[in-house]
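With UniProt numbering, letter number 299 in the sequence shown gets 299, and the count goes up by one each step, no holes. Think of the CB as a built atom: it goes at the ideal place given N, C-alpha and C, for glycine as much as any other residue. Heads up, the thing below is written out as structure tokens.
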Amino acid sequence: MQRHFDDLQLGSIELFCLAAEAGSFTAAALVAGVTPAAVSRSVSRMEERLGVRLFARTTRSVKLTDSGRRYFEECREALAQLVEAQREVMGQQQEPSGTLRISIPTTYAHHRILPLLPAFRALFPAVKVEAHISNRNIDFVGEGYDMAIRVRAIPDSGLIARPLEDAALVMIASPDYLKRAGTPKTLDDLAQHECIQYELPSSGRRIAWLFNDNGVPLEILAEGNYCCSDDVLGGVTLAKSGAGIFQTYRFIVEKELADGSLVEVLKPYGGRSRPFTLLYPQSRHVPLRLRAFIDFLVEQLPR
Numbered sequence: 001m002q003r004h005f006d007d008l009q010l011g012s013i014e015l016f017c018l019a020a021e022a023g024s025f026t027a028a029a030l031v032a033g034v035t036p037a038a039v040s041r042s043v044s045r046m047e048e049r050l051g052v053r054l055f056a057r058t059t060r061s062v063k064l065t066d067s068g069r070r071y072f073e074e075c076r077e078a079l080a081q082l083v084e085a086q087r088e089v090m091g092q093q094q095e096p097s098g099t100l101r102i103s104i105p106t107t108y109a110h111h112r113i114l115p116l117l118p119a120f121r122a123l124f125p126a127v128k129v130e131a132h133i134s135n136r137n138i139d140f141v142g143e144g145y146d147m148a149i150r151v152r153a154i155p156d157s158g159l160i161a162r163p164l165e166d167a168a169l170v171m172i173a174s175p176d177y178l179k180r181a182g183t184p185k186t187l188d189d190l191a192q193h194e195c196i197q198y199e200l201p202s203s204g205r206r207i208a209w210l211f212n213d214n215g216v217p218l219e220i221l222a223e224g225n226y227c228c229s230d231d232v233l234g235g236v237t238l239a240k241s242g243a244g245i246f247q248t249y250r251f252i253v254e255k256e257l258a259d260g261s262l263v264e265v266l267k268p269y270g271g272r273s274r275p276f277t278l279l280y281p282q283s284r285h286v287p288l289r290l291r292a293f294i295d296f297l298v299e300q301l302p303r
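Structural data, given as structure tokens:
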């Protein structure tokens with residue numbers, strides 16, 4: 001194998017990544033134990049060797065250029081793999097450790113993942129968990145995430161998708177609403193009811209309700225005067241308050257269905273579900289903390 005880097009160049013890459021993460025040569029110098037001038041000279045040598053500007057400099061700040069950001073993303077991934085390989089060789093990764101950054105949709109976070117985290121950390125106390133709870137799609141490399149959970153797999157060849165749970169759907173309404181508006185018996189009856197809508201924030205598209213009609217799968221875009229975006233729990237709260245009928249995941253409303261504050265309607269047309277998928281970047285070296293968390297979730301969550 002031909003040698004491409006000397007010790008000074010590898011050190012410069014580390015200093016460059018520290019400066020990129022901190023947005024400051026001074027902050028990078030403090031972490032590395034060198035002077036800000038040494039960081040600046042190191043970055044300048046890299047820019048000269050690469051023939052591109054990595055940072056746009058002002059008297060008050062430094063900011064990555066477009067070329068610098070692309071280079072930083074690749075360098076950070078490469079350095080992380082080097083550190084992981086070194087730990088494995090030295091036997092330091094017999095126990096998962098480090099920070100695990102995960103992105104989770106709001107409903108799945110509150111009702112599935114967050115309640116499991118104490119048990120996970122009891123098994124692996126050296127792992128620190130940072131949970132980003134949002135329904136937006138994240139940039140794995142640019143934002144430094146290890147894993148995400150999504151209802152729909154993202155069509156990205158750079159991601160590995162692993163099925164996590166096929167979550168059953170249920171139609172719900174409050175007893176007060178049904179007393180006032182009547183109970184729907186058929187799908188055609190929905191035209192006479194207040195149907196609470198949910199809208200995808202990324203596209204503004206309303207989500208169709210899923211049904212089975214004598215074994216035939218159907219999708220219906222019902223009409224209504226209430227619409228929630230981004231957080232499915234908003235539709236559940238409206239339904240509990242007597243606003244109308246809503247379709248949601250059964251795991252969200254199991255308690256309310258059991259205590260009678262919500263009622264399942266249109267049972268003969270049920271049986272549909274939506275899959276939750278676990279996503280993580282393709283890599284030769286998957287961190288042990290991520291492998292441990294994936295195995296833990298697969299064991300704990302219903303299939």
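Would you report the Cα separation of residue i and residue j, rounded to the nearest angstrom?
{"i": "ILE196", "j": "PRO268", "result": "20 Å"}
{"i": "THR59", "j": "ARG76", "result": "26 Å"}
{"i": "ALA161", "j": "LEU297", "result": "14 Å"}
{"i": "ARG291", "j": "ALA85", "result": "15 Å"}
{"i": "ALA19", "j": "ILE294", "result": "32 Å"}
{"i": "ASP259", "j": "LYS179", "result": "17 Å"}
{"i": "residue 368", "j": "ALA239", "result": "As displayed, the chain neither begins before 1 nor continues past 303, which places residue 368 out of reach and without an answer."}
{"i": "CYS228", "j": "LEU262", "result": "19 Å"}
{"i": "THR35", "j": "ARG70", "result": "26 Å"}
{"i": "GLY224", "j": "LEU210", "result": "16 Å"}
{"i": "VAL232", "j": "ALA37", "result": "51 Å"}
{"i": "LEU301", "j": "MET147", "result": "16 Å"}
{"i": "PHE25", "j": "PHE55", "result": "11 Å"}
By DSSP, does residue i sit in helix, in strand, or in coil?
{"i": "LEU278", "result": "strand"}
{"i": "ILE160", "result": "strand"}
{"i": "ALA102", "result": "Position check: residue 102 holds Ile in this sequence, whereas Ala was assumed. Strand at ILE102."}
{"i": "ILE196", "result": "coil"}
{"i": "ASP146", "result": "coil"}
{"i": "ILE294", "result": "helix"}
{"i": "ASP66", "result": "helix"}
{"i": "TYR226", "result": "coil"}
{"i": "LYS128", "result": "strand"}
{"i": "ASP176", "result": "helix"}
{"i": "SER24", "result": "coil"}
{"i": "LEU15", "result": "helix"}
{"i": "MET286", "result": "At residue 286 the sequence reads Val, which differs from the Met that was named. It is coil, neither helix nor strand."}
{"i": "VAL232", "result": "helix"}
Under 6 Å from any heavy atom of the ligand NAP, does the C-beta of residue i make it?
{"i": "LEU238", "result": "Absent from the structure shown: the ligand NAP. Ligands present: none."}
At which residues does the beta strand (DSSP E) containing residue i begin and terminate?
{"i": "LEU218", "result": "216 to 220"}
{"i": "ASP188", "result": "ASP188 -> no beta strand (DSSP E), and no H or E assigned at all."}
{"i": "ARG206", "result": "First-last for ARG206: undefined, no H or E at that position."}
Cβ of residue i less than 7 Å from any chain D Cβ?
{"i": "ARG60", "result": "Among the chains in the structure shown there is no chain D, since it carries only a single protein chain."}
From which residue to which residue does the alpha helix (DSSP H) around residue i run?
{"i": "ASP259", "result": "250 to 259"}
{"i": "ALA122", "result": "117 to 123"}
{"i": "ARG45", "result": "36 to 50"}
Since residue i and residue j should fall inside the 8 Å C-beta cutoff, what is the C-beta to C-beta distance between them, to a whole number of angstroms?
{"i": "ALA32", "j": "LEU15", "result": "6 Å"}
Query raised in the report: Does the pairing of the stretch 162 to 170 with the stretch 183 to 196 give three or more beta-carbon distances under 8 Å?
Result: no
Query raised in the report: Three or more beta-carbon pairs under 8 Å between the stretch 264 to 281 and the stretch 62 to 76, yes or no?
Result: no
Report task. Assess, as a yes-or-no matter, whether the stretch 130 to 138 is touched by the stretch 245 to 255 under the definition of 3 or more beta carbon pairs within less than 8 Å. Result -> no
Report task. Taking 8 Å as the threshold, find out whether the stretch 94 to 108 comes into contact with the stretch 118 to 126 through three or more Cβ pairs. Result -> Contact annotation: the stretch 94 to 108 touches the stretch 118 to 126, with at least three C-beta pairs closer than 8 Å.
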